[in-house]
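K.L.:
Residue numbers (this note's numbering): 102 to 198.
1. Measure the alpha-carbon distance for residue 157 versus residue 195 and round it to whole angstroms.
2. Residues in the same chain with beta-carbon distance under 8 Å from residue 140, minus the five sequence neighbours each way, listed in chain order, please.
3. Taking residue 133 as the reference, which of 176, 116, 190 and 118 has the closest Cα?
4. Let me know the secondary structure DSSP gives residue 161 once reduced to three states.
5. Drop a sphere of 10 angstroms on the beta-carbon of residue 152, count the other beta-carbons inside from all chains shown, and report buried for 16 or more, exposed for fewer.
6. If residue 170 sits next to residue 183, beta carbons under 8 Å apart, how far is it from one beta carbon to the other, in whole angstroms?
7. What whole-angstrom Cβ distance do residue 150 and residue 163 have, given they're in contact under 8 Å?
8. Across which residues does DSSP place residue 131 in a beta bridge pair?
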């Protein structure tokens with residue numbers, strides 16, 4: 102998958118920081134069915150995301166919302182179907198400085 106992002110920084114104080122970011126990606130997804138007599142398919146997949154990281158001293162809290170968009174042809178179907186999945190991701194990290 103090809104991935105890209107854009108990040109910025111807003112510093113209100115040296116101890117408190119906020120870094121917003123966006124991301125996009127495009128690639129392919131493989132569907133290999135084990136128990137169904139269907140051929141393996143390769144379909145287009147993409148995502149877009151937006152989020153931010155709040156830092157207080159050495160602690161960073163990150164929140165991201167990611168929207169996945171995939172196209173697939175289900176087994177036995179003749180037309181492609183679009184699927185849209187939204188994920189909310191969170192993280193915590195300790196910075197060295």
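From the three backbone atoms N, C-alpha and C, an ideal C-beta is built for every residue, glycine too.
P.N.:
Here's the rundown:
1. 10 Å
2. So no residue of the chain qualifies.
3. 176
4. strand
5. buried
6. Your pair residue 170 and residue 183 checks out as a contact, with CB atoms roughly 7 Å apart and the cut at 8 Å.
7. That belief does not hold up - the Cβ atoms of residue 150 and residue 163 are roughly 11 Å apart, past 8 Å.
8. 143
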